[in-house]
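If you use the numbering used here, the sequence shown corresponds to residues 3 to 317, in order. Cβ atoms here follow ideal geometry from the backbone N, Cα and C, with glycine treated the same way. Worksheet for the structure shown next.
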Amino acid sequence: MKENGRQEPARGAFWHALDDQTVQCDLCHRFCRIREGQPGFCRTRVNRMGLLFSLNYAHPASIALDPVEKKPLYHFMPGSMTFSLGTFGCNFRCGNCQNWQISQDDGRRHHPAERSPQSIVREAIDLGAPSVSFTYNEPTVCAEYALDCMRIARRAGMKTIWVTNGYMSDNLLEKLLPLLDAVNVDLKSVDDAFYRRVCQARVAPVLRTIERLAGEGVHLELTTLLIPGFSDGDDMLKRAAEFIVTKVGAKTPWHLSAFVPAISWRMQNITETPDERLEQAYSNSLLNDVPARLARGKDAGALSTYPRSQEIQRR
3 MKENGRQEPA
13 RGAFWHALDD
23 QTVQCDLCHR
33 FCRIREGQPG
43 FCRTRVNRMG
53 LLFSLNYAHP
63 ASIALDPVEK
73 KPLYHFMPGS
83 MTFSLGTFGC
93 NFRCGNCQNW
103 QISQDDGRRH
113 HPAERSPQSI
123 VREAIDLGAP
133 SVSFTYNEPT
143 VCAEYALDCM
153 RIARRAGMKT
163 IWVTNGYMSD
173 NLLEKLLPLL
183 DAVNVDLKSV
193 DDAFYRRVCQ
203 ARVAPVLRTI
213 ERLAGEGVHL
223 ELTTLLIPGF
233 SDGDDMLKRA
243 AEFIVTKVGA
253 KTPWHLSAFV
263 PAISWRMQNI
273 TETPDERLEQ
283 AYSNSLLNDV
293 PARLARGKDA
303 GALSTYPRSQ
313 EIQRR
């Protein structure tokens, strides 16, 4: 059945009913309690007569064939291309977001065409991509769609990738792990104050997710955006390195990225990360035995401290 020319929303899989037609969404650590007729925080879930529906199932807002290093994953299938897609919505409100046009959208701007999981995998195969990546916006908010695509991709012999903020619930993580080959988690900071101020979230669930992924043997890489005055302090970076070494694994690749204010959602007044700050953070990571890598601007001029792994230089 169509609704305003579009397929009706799909029933969500991660929720449970409360009283008076209120439901609780169980996708992420917000655990939104959603009243009848209202959306959740991510704007991709809506309560209709006591049932929770997904508004972005089978509606990708962005599709591209990317180098896997763009995720960034520099130590998983290096040199390959990955079929990449994202929907709309996010469970964070990061002022620094560079994909805010889709992450902070409720779908009304894009009206993306319907794309079934079967058609996604078929196109990826036709393009010769050995993997499918869920990226651009937070894949947690389209989990049912992503999981369906991943099951089909796995049956076709393809690898699966998530680029995530790590805020998914334990319930979703249990469903995700058997289908996931590689992941890049955005470790924005190890300070809870940063997450509350910039993302309207908390850091503890992110750290637990990272530890769990590391313990399950999924290929894991981490990314930290160095925002001047927010997430580039020596103390924070030292504690982040200590967390990686003691809780995740000293050989976990850690991408240190420069902040570009011009493409951010609500932080255009913040200065760009100076090159010397990147270099200093890079040097400090070496002292903590963490394999860090620098990315300036749109991933130009990268350095790696993990030379034993294959590094791909794309021109």
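Inter-residue spacing [alpha-carbon to alpha-carbon] between residue i and residue j
{"i": "L56", "j": "S266", "result": "Residue identity differs from the one stated: residue 56 is Ser in this sequence, not Leu. If you take the alpha carbons of S56 and S266, they lie about 27 angstroms apart."}
{"i": "R13", "j": "L129", "result": "31 angstroms"}
{"i": "Q100", "j": "R204", "result": "20 angstroms"}
{"i": "P41", "j": "E281", "result": "43 angstroms"}
{"i": "V134", "j": "V143", "result": "17 angstroms"}
{"i": "C30", "j": "F16", "result": "9 angstroms"}
{"i": "P180", "j": "R153", "result": "10 angstroms"}
{"i": "E38", "j": "D22", "result": "8 angstroms"}
{"i": "E244", "j": "T254", "result": "12 angstroms"}
{"i": "L54", "j": "I36", "result": "9 angstroms"}
{"i": "A148", "j": "T211", "result": "18 angstroms"}
{"i": "R124", "j": "A155", "result": "9 angstroms"}
{"i": "T46", "j": "A115", "result": "16 angstroms"}
{"i": "Q202", "j": "R95", "result": "6 angstroms"}
{"i": "Q70", "j": "Y76", "result": "Checking the sequence shown, residue 70 turns out to be Val, not Gln. Distance between the alpha carbons of V70 and Y76: 7 angstroms."}
{"i": "D1", "j": "E274", "result": "Look at the range of the chain in this structure, 3 to 317, and you will see that residue 1 is not part of it."}
{"i": "A19", "j": "R50", "result": "12 angstroms"}
{"i": "F261", "j": "G52", "result": "42 angstroms"}
{"i": "A195", "j": "I122", "result": "39 angstroms"}
{"i": "C44", "j": "N58", "result": "11 angstroms"}
{"i": "P230", "j": "Y197", "result": "15 angstroms"}
{"i": "G159", "j": "R279", "result": "42 angstroms"}
{"i": "N271", "j": "R199", "result": "16 angstroms"}
{"i": "A283", "j": "D234", "result": "8 angstroms"}
{"i": "S285", "j": "F232", "result": "19 angstroms"}
{"i": "N173", "j": "D28", "result": "7 angstroms"}
{"i": "L182", "j": "D150", "result": "12 angstroms"}
{"i": "Q26", "j": "C34", "result": "6 angstroms"}
{"i": "T307", "j": "G97", "result": "Low confidence applies here, because T307 scores a pLDDT of 32, under 50, leaving its location unreliable; read the following figure in that light. Each residue's alpha carbon lies about 30 angstroms from the other."}
{"i": "H108", "j": "Q120", "result": "Per the sequence shown, the amino acid found at residue 108 is Asp instead of His. When rounded, the distance between both Cα atoms is 24 angstroms."}
{"i": "M170", "j": "G91", "result": "14 angstroms"}
{"i": "L222", "j": "T166", "result": "11 angstroms"}
{"i": "K72", "j": "E140", "result": "16 angstroms"}
{"i": "D68", "j": "V48", "result": "32 angstroms"}
{"i": "A304", "j": "I127", "result": "Because A304 sits at a pLDDT of 38, beneath the cut-off of 50, its placement in the model cannot be relied upon, and the following sentence gives the value as read from the coordinates. Roughly 30 angstroms separates the two Cα atoms."}
{"i": "E10", "j": "T84", "result": "30 angstroms"}
CB of residue i within 7 angstroms of CB of residue j, strictly
{"i": "L227", "j": "S259", "result": "yes"}
{"i": "G251", "j": "A216", "result": "yes"}
{"i": "M24", "j": "P62", "result": "Checking the sequence shown, residue 24 turns out to be Thr, not Met. Contact: no."}
{"i": "V187", "j": "L224", "result": "yes"}
{"i": "F78", "j": "A184", "result": "yes"}
{"i": "A60", "j": "S105", "result": "no"}
{"i": "M269", "j": "P263", "result": "yes"}
{"i": "V220", "j": "G168", "result": "no"}
{"i": "A294", "j": "S287", "result": "yes"}
{"i": "R157", "j": "N93", "result": "no"}
For residue i, the residue or residues it bridges with in DSSP
{"i": "W267", "result": "Bridge partners of W267: none, in fact."}
{"i": "L258", "result": "T226, L296"}
{"i": "H221", "result": "A184"}
{"i": "Q26", "result": "H18, R35"}
{"i": "A12", "result": "S56"}
The ligand ADP heavy atom lying under 6 angstroms from the CB of residue i
{"i": "R32", "result": "Within the structure as shown, the ligand ADP is missing, as the structure has no ligands at all."}
Cβ-Cβ separation, residue j to residue i (assumed contact under 8 angstroms), whole Å
{"i": "P132", "j": "K177", "result": "P132 to K177, Cβ: 23 angstroms. No contact."}
{"i": "Y138", "j": "S82", "result": "The pair is not a contact, with the Cβ atoms about 18 angstroms apart (cut-off 8 angstroms)."}
{"i": "P74", "j": "H257", "result": "5 angstroms"}
{"i": "E213", "j": "K249", "result": "5 angstroms"}
{"i": "W164", "j": "F136", "result": "5 angstroms"}
{"i": "V247", "j": "D291", "result": "6 angstroms"}
{"i": "A242", "j": "L189", "result": "6 angstroms"}
> What residue ranges within the stretch 131-207 form continuous beta strand (DSSP E) runs of no fewer than 3 residues, ordered along the chain?
Replying inline: With a minimum length of 3 residues, the unbroken runs of beta strand (DSSP E) contained wholly in the stretch 131-207 fall at 133-136, 161-166, 184-188.
> Which ranges does the alpha helix (DSSP H) cover as unbroken runs of at least 4 residues, wholly within the stretch 33-110, from first to last along the chain?
Replying inline: Assignment of alpha helix (DSSP H) within the stretch 33-110, counting only whole runs of 4 or more residues, yields 102-105 in chain order.
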